[in-house]
Amino acid sequence: MKFAFAIPRHYLIILVFLFIFFFNEKLACQEKNIIKDKDKKNIIKDKKNIIKDNKDNKDKKSNLDLEFKKKIDPIQFEKIKFEKIDQIQFEGISKEEINEIIYFWELTNNPPTDSSDFIESLKIFIKNYFNIKGYRDILLYLKIKNQSQSQSQIKLIISINKGKLMTIKNISFEGNNFFSEKQLNKMKPHYKMSYPSYEEYKKKIIMEYKKNGFKKFKISSEEFKKINSKYYSINLKFIEGNQYKFSKLSFNGNKNLNDEILKKKLALNLKEGDFYNIIEIQNSIQRIVDFYLNKGYAFSKISLFESEKEDNLIDVIIIIEENEKITINKVNIIGNNQVKDEIIFRELTTIPGNLFSKKEIEKSITNLKNLNLFYNVQMQMQIVPNYKKNTLDLNLVVYENRNSELKFKGNFQGKDLLGEISLNINNFSLLNCFHPKNFKILPYGDNQKVLLDFTIGKKLKKYNVSFIHPNLTDSSSMKFNFFYKNELPKESHDLNFRNLENNDNYKINKFKSTIELNKKINENNNLLFNINYINKNKIYKDKTLSFSEKSNLYKDWNSQLIFNHNSISPDIILPQKGGYVNINSFLEFPKSLKKFNKFEYFKFQIKSFWYKKIFKKLISKIGYEFGVLHNSNKNDDFKQFYMGGTSFQKENLNQKNFIPLRGYYEPNKLYGVISPKNGGSFYEKILTELRYLICEKNSFKLWILNFFEAGNLFDSYKNFNPFKLKRSIGTGIRCFLNNIGLLEFDLTYRLDKTLDNVKPNWKVNFAIGHELEF
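Here it is in structure tokens:
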């Protein structure tokens with residue numbers, strides 16, 4: 004008896020891809036371990052190398068060999084005798100903590116290992132180190148161990164039990180005259196604080212005092228008292244000192260930039276007689292420092308001199324040593340083993356021959372990080388030996404990410420088990436595929452991206468392949484996408500071979516291809532053009548029970564031209580200034596070349612939103628929308644515009660064709676609608692909002708809003724009237740949580756009757772997880 008086993012073609016293709024991926028990643032890992040000698044010299048040294056340098060500078064040689072061990076082994080107590088120690092081993096603490104202890108120990112003048120005070124000094128040092136970090140119940144266990152039978156090598160084992168991190172419950176104050184105890188307690192982040200939060204709280208107190216003129220304020224002592232096994236109380240003693248006031252400001256040493264230019268850049272918000280705010284002054288001076296650095300004065304020196312006068316007045320003198328302007332001589336790239344130099348240089352705004360600029364260096368680093376090819380980017384300055392030319396070299400150190408990522412996923416769709424495989428290849432190089440010297444199974448180097456997504460099940464198969472070339476030219480990119488879907492929606496044993504439309508046994512095949520060009524005009528403006536082809540059909544079972552009878556659902560090829568302007572800041576969650584403009588034109592070509600002079604479908608839309616910060620937490624939003632379309636096929640309702648409500652779902656409807664309008668109902672409701680049954684061809688909408696930010700902390704934001712909206716939908720240009728709009732007013736609240744998304748609640752009053760003559764009334768809307776919109 005013979006058995007035959009056949010592997011389906013799609014499974015075989017996936018196995019080949021998996022083999023290529025793992026084999027190529029293995030080669031990539033081997034290549035990453037090979038670092039050129041010239042790169043090794045420029046890689047940033049770790050903490051151990053820093054310690055070694057410190058020892059060389061001090062002309063000291065330590066005979067300590069320090070080891071690391073994570074777990075605490077059982078230790079027997081022994082009486083420690085004085086011996087010369089050759090090696091120290093730490094147990095019970097992390098490697099980072101060991102490195103810090105070694106580093107700070109080397110920086111202090113401590114007794115040598117053959118001194119009788121060495122062990123006691125080391126114990127005190129370790130306890131103080133952990134006390135500063137908030138550990139008060141520290142236990143140290145020390146043990147001497149002979150390393151060899153001859154007892155010539157002595158090893159000291161230090162086992163450390165840090166205990167629990169201190170939590171502060173009560174804080175009392177002494178010496179506080181300016182701020183009351185109630186005001187100081189209001190500055191607390193929480194009623195119960197961890198030690199790191201307590202350290203931040205102290206910094207906040209010091210900053211608030213210095214903002215109010217107490218430039219010599221200090222916390223003279225901190226007394227810790229243990230309440231119980233969980234909590235501590237602290238008594239803080241203050242020395243406030245005198246309260247100073249600002250008198251006048253002057254500059255000294257500025258030769259190339261006059262006082263008026265510097266005062267404008269300084270932007271100091273202090274007048275004569277105001278409290279001497281040293282924090283504000285330091286921030287203003289930093290703006291002067293940045294201004295000089297951006298003008299090419301890489302080695303300028305700026306310092307602050309305070310001249311105290313009678314009545315606690317202070318004159319501020321900013322002393323400037325400009326030095327010469329510095330030109331960039333060379334930019335060296337270090338650490339790129341798989342990314343080509345051209346890809347990196349293309350993103351740099353700092354190039355040889357330009358004046359030194361801190362702003363351009365930061366912009367270059369940001370551009371490189373945005374490539375997602377490096378997990379870290381650092382810039383180092385190196386003075387050229389010929390200092391008379393006033394030039395310097397910049398060393399750009401990059402640390403590469405992994406180039407590929409493979410994901411597996413399985414889930415159920417009904418009774419069908421689906422397997423999903425996703426392969427993302429970053430930094431791909433199509434050119435190296437045709438270059439014999441650079442050829443590899445998966446060639447890297449040109450920052451191109453290949454995305455492969457496969458979903459395979461009994462009733463559903465999906466294949467998605469994308470190729471992205473992000474640097475077609477200096478400011479344009481190109482993308483190819485191919486998508487294929489084969490789905491068996493349902494299967495019935497009652498076959499109708501005469502009428503295909505009544506035959507429930509069918510498969511749906513869908514194929515879509517896209518070519519997309521993206522042009523970046525400038526930092527805020529972008530132009531996008533794409534061409535799409537879609538082919539969708541049904542395949543029915545014939546009398547032999549095989550799928551062969553085909554029925555075309557639709558074929559479509561179209562193009563789209565989109566202009567985007569985006570200057571909003573600081574983020575999309577709650578913009579506070581800037582604007583967003585989207586102009587979208589969509590053109591669907593005829594399915595037959597004989598009718599090429601007549602378009603099947605055309606759509607034009609414009610959306611514009613502008614934001615302005617009125618004062619601290621109050622933000623205004625103004626928006627305008629307009630859309631027009633022409634549809635030759637009146638039966639295609641899903642291509643029409645629909646308006647009303649906040650969320651409308653319709654089969655095959657492009658969601659960009661749905662225009663929300665609060666206070667009214669969705670077009671599929673039985674009452675309160677403003678959209679005709681078959682949609683409309685014209686629409687207009689205006690929007691005004693006032694937003695007030697209540698709370699903002701990390702990824703949490705909470706704000707309230709009042710709004711006025713007006714819009715309407717028209718079935719033809721003859722009926723279009725820009726002043727005949729359906730109006731609504733209301734109030735609402737928004738909450739954004741990082742893991743959940745946007746939570747929305749609105750109470751809206753519609754001011755006009757609907758198409759079915761429903762009178763004005765209130766409407767409540769609540770939504771969770773809506774996509775963020777401008």
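When the count follows the working numbering, it moves up by one through the sequence shown with no breaks and lands on 777 for the last residue. For every residue, glycine included, the Cβ atom is placed at its ideal position computed from N, Cα and C. If you're wondering where the values come from, they're calculated on a predicted model, not measured in any experiment.
What are the residues that DSSP puts in a beta bridge with residue 794? No statement about residue 794 is possible, as the shown extent of the chain runs from 4 to 777 and does not include it.
For the alpha helix (DSSP H) holding residue 369, just list the boundary residues, first then last. 361–372
Determine contact between the region 399–413 and the region 310–319, defined as no fewer than three beta-carbon pairs at a distance below 8 Å. no
What are the partner residues of residue 643, as DSSP defines its beta bridges? The partner list for residue 643 (beta bridge, DSSP) is empty, contrary to what the question assumes.
For residue 290, the three-state DSSP class (helix, strand or coil): helix
Limits of the unbroken beta strand (DSSP E) element including residue 583: 581–591
Quick check on residue 399: buried or exposed, where buried means 16 or more other Cβ atoms within 10 Å of its Cβ? buried
Less than 7 Å between C-beta atoms, sequence neighbours within five positions excluded: which residues of the same chain meet that for residue 722? none
Could you round the C-beta distance between residue 331 and residue 397 to whole angstroms and report it? I think they count as a contact, below 8 Å. 6 Å
Check whether the Cβ atoms of residue 425 and residue 456 lie closer than 7 Å to each other. The answer is yes: Cβ separation under 7 Å.
Other residues of its chain near residue 681: CB distance less than 7 Å, five sequence neighbours each side excluded: 640, 643
Let me check one thing: in DSSP terms, what residues is residue 635 bridge-paired to? Its beta-bridge partners do not exist; DSSP assigns none.
Residues that residue 210 bridges to, as DSSP identifies them: According to DSSP, which records beta bridges pairwise, residue 210 is partnered with nothing at all.
Residues bridged to residue 753 [DSSP beta-bridge criterion]: Bridge partners of residue 753 according to DSSP: 731.
Where are the alpha helix (DSSP H) runs, 4 residues long or more, that stay fully inside the region 161–191, in chain order? 184–189
Expressed to the nearest angstrom, what Euclidean distance is found between the alpha-carbon atoms of residue 163 and residue 173? 28 Å
Using the Cβ count rule (16 or more neighbours within 10 Å means buried), how would you classify residue 401? buried
To which residues of the same chain is residue 561 closer than 7 Å at the C-beta, ignoring the five residues directly before and after it? 535, 589, 590, 591, 592
Report the rounded CA-to-CA distance for residue 565 versus residue 671, giving the unit in angstroms. 30 Å
Would you decide whether residue 767 is buried or exposed? Buried here means 16 or more other CB atoms lie within 10 Å of its CB. exposed
Within the same chain, show all residues whose beta-carbon is closer than 8 Å to that of residue 257, passing over the 5 residues directly before and after it, in chain order. In its chain, beyond the 5 residues on either side, 265, 323, 325 have a beta carbon closer than 8 Å to the beta carbon of residue 257.
So what's residue 381 in DSSP terms, helix, strand or just coil? strand
Beta carbon of residue 247 nearer than 7 Å to that of residue 218: Yes, these two residues count as a Cβ contact at 7 Å.
Option nearest residue 769 by Cα separation, candidates 752, 736, 187: 736
Out of curiosity, what's the CA-to-CA distance linking residue 568 and residue 613? 11 Å
Short Cβ contact (7 Å threshold) for residue 482 with residue 471: yes
For the beta strand (DSSP E) containing residue 236, name the first residue and the last one. From DSSP, the beta strand (DSSP E) with residue 236 extends over 234–242.
Ordered along the chain, which non-local residues of its own chain (more than five positions away) have a Cβ less than 6 Å from that of residue 713? 689, 728, 730
Helix, strand or coil: which one does DSSP assign to residue 133? In the displayed model, residue 133 falls within a helix according to three-state DSSP.
Could you please give me the residues that DSSP links to residue 713 through a beta bridge? 689, 730
I'd like to check one pair, residue 377 with residue 350: are the Cβ atoms closer than 7 Å? no
On a Cα-Cα basis, can you pick out the residue from 618, 632, 620, 676 that is closest to residue 646? Closest by C-alpha distance to residue 646, out of 618, 632, 620, 676, is 676.
Is residue 483 helix, strand or coil by DSSP? strand
Given residue 225, which residues of its chain have a CB within under 7 Å of its CB, disregarding the five upstream and five downstream residues? 237, 239
Based on DSSP bridge pairs, tell me the residues matched to residue 353. Among the bridge pairs identified by DSSP, residue 353 is matched with none.
Nearest-angstrom Cα distance between residue 253 and residue 220? For residue 253 and residue 220, the distance between alpha carbons rounds to 25 Å.
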